[in-house]
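Undergrad:
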Amino acid sequence: FSLQESLLLKSLGLSTKPSPKIPVPVPSVLWRIFQKRKMPPASTELADGCRVEEFNVPGNIIRVLADQGHFMHSGQPQPSLCLQKRLYFNLSVLEEGERLTMAQLEIKFSHNSYHASSQGQVFELRLYQAPRLPLRGTPSPEPGRTLLVEQSFARLHKSLLFNLSGVAKDWRTHSRNLGLILEISASGRGGEAAGASGGPQSLCASIDSFLDTSLLVVSLSQQQCRASRRRR
Amino acid sequence: SAYNIPVTPSNLCKPRRLYISFSDVGWENWIIAPQGYMANYCLGECPFPLTAELNSTNHAILQTMVHSLDPEGTPQPCCVPVRLSPISILYYDNDDNVVLRHYEDMVVDECGC
Numbered sequence: 001f002s003l004q005e006s007l008l009l010k011s012l013g014l015s016t017k018p019s020p021k022i023p024v025p026v027p028s029v030l031w032r033i034f035q036k037r038k039m040p041p042a043s044t045e046l047a048d049g050c051r052v053e054e055f056n057v058p059g060n061i062i063r064v065l066a067d068q069g070h071f072m073h074s075g076q077p078q079p080s081l082c083l084q085k086r087l088y089f090n091l092s093v094l095e096e097g098e099r100l101t102m103a104q105l106e107i108k109f110s111h112n113s114y115h116a117s118s119q120g121q122v123f124e125l126r127l128y129q130a131p132r133l134p135l136r137g138t139p140s141p142e143p144g145r146t147l148l149v150e151q152s153f154a155r156l157h158k159s160l161l162f163n164l165s166g167v168a169k170d171w172r173t174h175s176r177n178l179g180l181i182l183e184i185s186a187s188g189r190g191g192e193a194a195g196a197s198g199g200p201q202s203l204c205a206s207i208d209s210f211l212d213t214s215l216l217v218v219s220l221s222q223q224q225c226r227a228s229r230r231r232r
Numbered sequence: 001s002a003y004n005i006p007v008t009p010s011n012l013c014k015p016r017r018l019y020i021s022f023s024d025v026g027w028e029n030w031i032i033a034p035q036g037y038m039a040n041y042c043l044g045e046c047p048f049p050l051t052a053e054l055n056s057t058n059h060a061i062l063q064t065m066v067h068s069l070d071p072e073g074t075p076q077p078c079c080v081p082v083r084l085s086p087i088s089i090l091y092y093d094n095d096d097n098v099v100l101r102h103y104e105d106m107v108v109d110e111c112g113c
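Quick mapping for you: the protein sequence lines, in order, are chains U and P.
Just so it is clear: in the first sequence, position 135 is 135 by this note's numbering, and no numbers are missing.
Just so it is clear: in the second sequence, position 36 is 36 by this note's numbering, and no numbers are missing.
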């Protein structure tokens with residue numbers, strides 16, 4: 001059976017039989033799309049299985065990649081820096097014949113957005129392209145980190161979404177996926193009332209509801225989408 | 001696992017029910033959903049004359065005619081899928097990521113000669 005199984009897996013575009021170690025909950029966005037696709041297409045014309053209409057991009061594979069990074073503890077204490085984390089998403093799981101068409105970063109919080117004490121608290125978020133670490137004794141190859149995103153946000157949001165399609169395509173094209181660095185710091189604005197009593201640390205205390213990050217990646221399998229096009 | 005629901009026996013070319021159960025092939029620990037699906041398959045005769053519901057090509061019509069004249073020399077046309085549907089599969093990959101993948105032409109809806 002093993003030969004037939006490997007041939008069948010190959011025809012399904014899988015090089016080996018997956019063996020998950022710690023099955024994670026199914027992301028709700030994938031479950032919703034899966035349920036919707038089980039329904040027959042509303043219009044008479046055939047649904048295009050090589051396009052993800054929910055994101056309006058070409059693609060027949062949608063992955064939610066878990067963040068394999070770690071929290072960072074910088075040497076010098078920076079009172080207003082609440083969180084610094086290296087994010088790393090392993091794009092090598094995409095097979096060679098797949099073309100990445102979209103990548104969306106989601107930062108999730110678990111806080112109850114109606115938590116009165118910190119309503120209106122404003123934070124600043126920065127996302128950097130992680131620099132390549134210099135080999136010992138050689139100068140740093142890249143001057144500083146490349147800032148990708150900088151924005152402020154109020155703590156009411158359950159999750160924040162960022163389009164990183166360009167960055168992810170660059171990672172794949174140039175095989176230099178060193179991940180990202182996420183920084184969240186308390187902004188002086190709007191936080192005075194909330195934090196006056198405890199100072200910067202108490203400002204940061206309200207960001208402890210940071211939950212996790214994940215990268216939703218859409219890709220198009222040239223092998224599977226081209227074949228069906230030819231037949232059609 | 002193939003099972004039949006009693007229908008009027010017909011040996012004409014048409015879809016036959018075939019349910020593919022992923023646990024039957026030992027894939028239940030990495031496929032999240034569905035647990036299986038109706039793939040079906042085509043089976044049956046393509047006799048002369050070919051009727052309209054047999055979804056036949058012009059060539060098949062020709063071949064049945066030649067078969068009726070020379071059964072030993074020319075076989076009947078084949079009974080094959082002519083309309084298929086896609087399915088989507090949710091599964092875990094080797095990195096425990098959740099993947100939703102769309103596969104074209106996985107369910108036989110119609111057969112033809």
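Ideal Cβ positions, reconstructed from N, Cα and C, are used throughout, including at glycine.
Computed from a predicted model, the values in this text were never measured in an experiment.
Out of S80/U, V122/U, V218/U and S92/U, which has the shortest C-alpha to C-alpha gap to N163/U?
TA: Your numbering for residue 163/U matches position 163 in the first sequence. Taking only the C-alpha atoms, the option nearest N163/U is V218/U.
Undergrad: Pull up the CB-CB distance for L180/U and L87/U, whole angstroms please, since I reckon it's below 8 Å.
TA: Within the first sequence, numbered from 1, the residue matching residue 180/U stands at position 180. Within the first sequence, numbered from 1, the residue matching residue 87/U stands at position 87. Sure, about 4 Å apart at Cβ, within 8 Å.
Undergrad: Tell me which residues of the region 45-59 of chain U have at least one Cβ-Cβ distance to chain P shorter than 7 Å, keeping chain order.
TA: From the region 45-59 of chain U, only G49 have a Cβ closer than 7 Å to chain P.
Undergrad: I32/P touches chain U at which residues, Cβ-Cβ below 7 Å?
TA: By one-based count along the second sequence, residue 32/P stands at place 32. What I32/P touches in chain U: V26.
Undergrad: With 16 as the cutoff for other CB atoms within 10 Å, does I22/U come out buried or exposed?
TA: Looking up residue 22/U in the first sequence gives position 22. Classification of I22/U: exposed, given that the 10 Å Cβ count is below 16.
Undergrad: How long is the line joining the alpha carbons of K158/U and Y128/U, rounded to whole angstroms?
TA: By 1-based counting over the first sequence, the position of residue 158/U is 158. By 1-based counting over the first sequence, the position of residue 128/U is 128. Each residue's alpha carbon lies about 22 Å from the other.
Undergrad: By alpha-carbon positions, which one of E54/U, L14/U and F210/U ends up nearest to L30/U?
TA: Here residue 30/U is taken as the residue at index 30 of the first sequence, counted from 1. Out of E54/U, L14/U and F210/U, E54/U has the C-alpha closest to the C-alpha of L30/U.
Undergrad: Between which two residues does the alpha helix (DSSP H) containing T173/U stretch?
TA: Counted from its first residue, the first sequence places residue 173/U at position 173. Element bounds for T173/U: S165 to H174.
Undergrad: Who are the neighbours of L18/P on chain U, taking C-beta pairs under 8 Å?
TA: The count along the second sequence starts at 1 and reaches residue 18/P at position 18. Correct list: empty, because the minimum Cβ distance to chain U is about 15 Å.
Undergrad: Quick one, which residues of the region 83-111 of chain P are near chain U if we go by CB-CB under 9 Å, in chain order?
TA: Taking 9 Å as the Cβ-Cβ cut-off against chain U, the residues of the region 83-111 of chain P that qualify are S85, P86, I87, S88, I89, L90, Y91, Y92, D93, N94, D95, D96, N97, V98, V99, L100, R101, H102, Y103, E104 and D105.
Undergrad: Bridge partners of A33/P, per DSSP?
TA: Against the second sequence, residue 33/P aligns to sequence position 33. Looking at the DSSP assignment, A33/P forms a beta bridge with L90/P.
Undergrad: Nearest CA to the CA of N177/U: which residue from C82/U, C225/U and S92/U?
TA: One-based indexing of the first sequence puts residue 177/U at position 177. It is S92/U whose Cα lies nearest to the Cα of N177/U.
Undergrad: Would V25/P count as contacting chain U if we go by Cβ distances under 8 Å?
TA: Here residue 25/P corresponds to residue number 25 of the second sequence, with the count starting at 1. Interface residue, yes.
Undergrad: Can you find at least 3 beta carbon pairs, one from the region 53-70 of chain P and one from the region 33-42 of chain P, that sit closer than 8 Å?
TA: The region 53-70 of chain P, when compared against the region 33-42 of chain P, does not touch it at the 8 Å Cβ threshold.
Undergrad: State whether the region 93-108 of chain P contacts the region 60-67 of chain U, with contact taken as three or more CB pairs (one from each stretch) at a distance under 8 Å.
TA: Short answer: they touch.
Undergrad: With burial defined as no fewer than 16 other Cβ atoms inside 10 Å of the residue's Cβ, what is the status of D24/P: buried or exposed?
TA: Here residue 24/P is taken as the residue at index 24 of the second sequence, counted from 1. It counts as exposed.
Undergrad: Apart from the five residues just before and just after S165/U, which ones in its own chain have a Cβ nearer than 6 Å to its Cβ?
TA: For the purposes of this step, residue 165/U is taken as the residue at position 165 of the first sequence. Counting only Cβ-Cβ distances below 6 Å, and skipping sequence neighbours, we find M102 and A103.
Undergrad: Is A39/P helix, strand or coil by DSSP?
TA: As a working mapping, residue 39/P is identified with position 39 in the second sequence. Three-state DSSP puts A39/P in coil, outside helix and strand.
Undergrad: Going by alpha carbons, who is nearest to Y91/P out of S209/U, R145/U and S19/U?
TA: In the second sequence, counting from the first residue as 1, residue 91/P sits at position 91. Selected option, being the one with the closest Cα: S19/U.
Undergrad: Only counting the same chain, and skipping five residues up and downstream in sequence, which positions put a Cβ closer than 6 Å to that of F89/U?
TA: Walking along the first sequence from the start, residue 89/U turns up at place 89. If we look at F89/U and ignore the five residues flanking it on each side, its Cβ neighbours are L65 and L215.
Undergrad: Excluding the five sequence neighbours on either side, which residues of its own chain have a C-beta within less than 6 Å of the C-beta of L81/U, listed in chain order?
TA: Within the first sequence, the letter at position 81 stands for residue 81/U. Same-chain partners within the cutoff: S185.
Undergrad: With which residues is F71/U paired in a DSSP beta bridge?
TA: Taking the first residue of the first sequence as position 1, residue 71/U is located at position 71. DSSP output for F71/U lists K85/U as bridge partner(s).
Undergrad: When the distance is taken between beta carbons, is T16/U closer than 8 Å to L8/U?
TA: Numbered from its first residue, the first sequence carries residue 8/U at position 8. Numbered from its first residue, the first sequence carries residue 16/U at position 16. Not in contact: L8/U and T16/U (Cβ atoms no closer than 8 Å).
Undergrad: Please state whether DSSP places E106/U in a helix, a strand or coil.
TA: Walking along the first sequence from the start, residue 106/U turns up at place 106. Residue state, collapsed to three classes: strand.
Undergrad: In chain order, what residues of the same chain have a beta carbon less than 6 Å from the beta carbon of T74/P, not counting five sequence neighbours either side?
TA: Looking up residue 74/P in the second sequence gives position 74. For T74/P, where only same-chain residues beyond five positions count, the Cβ hits under 6 Å are V66 and H67.
Undergrad: Given M38/P, which residues of its chain have a CB within under 6 Å of its CB, disregarding the five upstream and five downstream residues?
TA: To locate residue 38/P, count along the second sequence from 1; it is residue 38. The answer, listed in chain order, is Y19.
Undergrad: Going along chain U, which residues have a C-beta under 8 Å from N29/P?
TA: Position 29 of the second sequence, counted from the first residue, corresponds to residue 29/P. Simply S19 and P20.
Undergrad: Who pairs with V52/U in a beta bridge, going by DSSP?
TA: For the purposes of this step, residue 52/U is identified with residue 52 of the first sequence, where counting begins at 1. For V52/U, which the question treats as bridged, DSSP gives the partners V57/U.
Undergrad: Is F48/P helix, strand or coil by DSSP?
TA: Reading the second sequence from its first residue, position 48 is the one you call residue 48/P. F48/P: coil per DSSP, three-state reduction.
Undergrad: Under 7 Å Cβ to Cβ from A193/U, same chain only, skipping five residues before and after it: list those, please.
TA: Here residue 193/U refers to the residue found at position 193 when the first sequence is read from its first residue. Summary for A193/U: the model assigns pLDDT 45, below 50, so the residue's position carries little reliability; its value from the coordinates is reported in the next sentence. Hits under 7 Å: none found.
Undergrad: Measuring straight from C-alpha to C-alpha, what distance separates L69/P and L50/P?
TA: Along the second sequence, read from residue 1 onward, the residue named residue 69/P stands at position 69. Along the second sequence, read from residue 1 onward, the residue named residue 50/P stands at position 50. Near 15 Å, if we compare the C-alpha coordinates of L50/P and L69/P.
Undergrad: Is it right to say V108/P is buried, meaning 16 or more other beta carbons lie within 10 angstroms of its own, or is it exposed?
TA: If you number the second sequence from 1, residue 108/P lands on position 108. The residue in question, V108/P, is buried, as its Cβ has 16 or more Cβ neighbours within 10 Å.
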